[in-house]
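Have a look at the structure below, then the notes.
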Amino acid sequence: MSPGFSLVPLDYVAFLSYFVVLCGIGYMAGRRKKKNAEDYFLAGRSLPWYVVGTSFVAANISTEQFIGMVGAAYVFGICVAMADWGNIYSFSLLIWFFIPFLLASRIFTTPEFLEKRYNLTVRHFFAAVTVLSNITAFLAGVLYGGGLALQRLFGWELWVSVLSIAVAAGIWAIYGGLVSIAWTDLFTLIIKIAGGISVTILGLLYLSGPSHSLRDGWRIMIERNQAQHGEWKKAADTSAQRITAGEEYNRLSVIQPVEHPTNPWPGLLVGFLSVSIWYNVINQFMIQRVLAAKNLYHARMGIILAGFIKIAMPAITVLPGLILFAINPDILLLPWERVRTEADKGYVSMLQIVIPAGFRGLFLAALFGAVQSTVSSVINSTSTIVTLDFYKRLFRPNAPEKHYVRFGALTSAIVMGIAIVLALYLEKLGDGLFVYIQTMYAFFAPPFAAIFLLGILSRRMNAEGATSAVFLGFGFGILLKFYVNYSPTHPRWLEPYTMQATVNWLFCVLVCVGVSLATAPPPPEKITDQLTMNLRTIGIGAEIGDAWYRSVLFYWLLFVAFIIGIVILLSGNFV
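Sequential numbering from 152 applies to the sequence shown in the working numbering.
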């Protein structure tokens, strides 16, 4: 065990208590017999709003945030918080437009929705890409991040760390299905927030020195991230040479140049059209909680709750990166190919410094919860797609419902095994965990986000247009990466993965519209009111609460106001 992160009896008590409570919740929630696929994969469509919202966020908070996003904040500053605050667009569309469609269609999976709107080819291609992205972009990255943390903290071999996390995290996904996952997510989110906030508070206290004042720690963090003097200016100037070609770089602004590697300013306006819609609306492991809600009201209020939690998330996923820079800016002086991976490791090193014995058990519980919730969610959604979109649809359409439950559990175990092997190879990635995962999102998202949005907005879009857009879109995405990586004449604004996703999304829109208009209109069963927008029947005003304190509209407006205020505040200097 690493001497810098030894545990005392209180730490073991805290972590074991967490694990006992987690097991108790998972067992109690999942002990009900799963009579059919709806019970196992969609929790019998019984989840209340507070479970929908907390589980939606818990599935999203993993080592990408605790390790990768903190490392990215160390390198790039406050702008990476827009990964959370930028959800205002997709969450709003989800609340008012997409949820009515998805719940009215009574689907199990989003590939199933695409078959109803377009054709079986689009369904199967989207299902296959979803399984691939779940394993490569979600499971492998999350397992690697968690394994890296345990390796750095306790000196374990990486394969031991990854295997331990995978086995412990996958239990409830295989045993209880979504109902166990969702209710354990409610508990793990509380632990994750408590652990994350403790790291931020202890980091600020460490910065404050002898005064042990949060106010002093905050002031020092801001001053050093303004990078106006000393080693912090030297590190920031070196970083600016790589990020903005030597132009002045403001670490405390969410508005960044168009060439910025992770957060170019156009992404604030149009980035949601590709990655955010794909991730939050048609990504199975996220939207599965919404499909499992009791009704339209609970689904909408769940996303509003998720929105408010997202407002606060940078306090535990971004501020530690700023604190780490204030403690040790020297990582930015390393060769660029090492900076982002070392920043990921630097966060773990910071934990060894700021977290005293007695609090480490809580942090380990938070770290494990971060891995457990995402791994369980992704495993369940992947097995849902493999079972219902492929196995049932193509091979055993008339098998007993319990057969699909057993096949789903077996699929979960196989998927986990594949992800473990892949996670062990991610140690060689050079851009850091956050950038690796975001780059994968930006590649998978544009074609499907484009055809999903067009299919709902326009009854003229047809299967030919959608099929052409997804196949040509992936080909265009590959060519775009080759062009950026190997052509010396490419424009710099095309280098960020966000800009590549936006360009590819626009290409897919043009292909889908062009081919659809050049071919026959879709048949009537493909453009019903449950599949395309009809302002008279969409149900915007349905089930929004019977009093202002229960009103979906009231809390949505409050959520929007908070986000707008934050972005205005952080469009210049963060003070």
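Ideal placement from N, C-alpha and C gives every residue a C-beta, glycine not left out.
Being a predicted model, the structure only gives us computed values, none of them experimental.
{"Query": "Where Ala319 falls: helix, strand or coil (DSSP)", "Result": "helix"}
{"Query": "For Phe249, the nearest candidate out of Glu493, Val718, Met684, Trp707 (CA to CA)", "Result": "Met684"}
{"Query": "Endpoints, alpha helix (DSSP H) assigned at Leu721", "Result": "Segment: none, Leu721 is in no alpha helix (DSSP H) and carries neither H nor E."}
{"Query": "Start-to-end residues for the alpha helix (DSSP H) that takes in Gly360", "Result": "That residue, Gly360, is in no alpha helix (DSSP H); it is neither H nor E in DSSP."}
{"Query": "Proximal residues to Thr558 (C-beta, below 7 angstroms), its chain only, five neighbours per side dropped", "Result": "Sequence check: residue 558 is Phe here, not Thr. Result list for Phe558: Thr538, Tyr542, in chain order."}
{"Query": "Under the three-state DSSP convention, the category Gln216 falls into", "Result": "helix"}
{"Query": "Through-space distance from Leu608 to Lys185, alpha-carbon basis", "Result": "For Lys185, the predicted model reports a pLDDT of 49, less than 50, meaning its position is unreliable; a value from the coordinates is still stated below. One C-alpha to the other measures close to 37 angstroms."}
{"Query": "Rounded straight-line distance, which links the Cα of Ile454 to that of Tyr448", "Result": "10 angstroms"}
{"Query": "Residue nearest to Lys445 in terms of C-alpha spacing, selected from Phe217, Ala255, Glu615, Ala463", "Result": "Ala255"}
{"Query": "C-beta contact flag for Gly472 and Ala288 at 8 angstroms", "Result": "no"}
{"Query": "Where Ala209 falls: helix, strand or coil (DSSP)", "Result": "helix"}
{"Query": "Check whether Phe519 and Gly237 have beta carbons under 8 angstroms apart", "Result": "no"}
{"Query": "Close beta carbons around Ala209, own chain, < 6 angstroms, minus the five adjacent residues each side", "Result": "Asp336, Thr339, Leu340, Ser524"}
{"Query": "Option nearest Asp781 by Cα separation, candidates Gly497, Gln377, Thr468, Leu470", "Result": "Beyond the ends of the chain as shown, which are 152 and 726, falls residue 781; an answer cannot be given."}
{"Query": "Runs of beta strand (DSSP E) wholly within the segment 519–599 (minimum 3 residues, chain order)", "Result": "none"}
{"Query": "According to DSSP, residues forming a beta bridge with Ala444", "Result": "Leu198"}
{"Query": "Burial state of Pro379, where buried means 16 or more other Cβ atoms lie within 10 Å", "Result": "For the record, residue 379 in the displayed sequence is Gln; it is not Pro. It counts as exposed."}
{"Query": "Check whether Ala652 and Pro598 have beta carbons under 8 angstroms apart", "Result": "no"}
{"Query": "Glu266 to Leu167 span [Cα, whole Å]", "Result": "46 angstroms"}
{"Query": "Delimiting residues of the alpha helix (DSSP H) encompassing Pro417", "Result": "417–421"}
{"Query": "Thr261 beta carbon less than 8 angstroms from that of Ile438", "Result": "yes"}
{"Query": "Any alpha helix (DSSP H) of 4 or more consecutive residues that is wholly inside the segment 339–416", "Result": "365–377, 381–394"}
{"Query": "Bounding residues of the alpha helix (DSSP H) (the contiguous stretch that carries Gly628)", "Result": "614–637"}
{"Query": "Ile691 - DSSP class collapsed to helix/strand/coil", "Result": "coil"}
{"Query": "Through-space distance from Gln392 to Ser425, alpha-carbon basis", "Result": "29 angstroms"}
{"Query": "Closer than 7 angstroms: Val718 CB and nearest the ligand SAH heavy atom", "Result": "Questions concerning the ligand SAH fall outside what the structure shown contains, since it holds no ligand whatsoever."}
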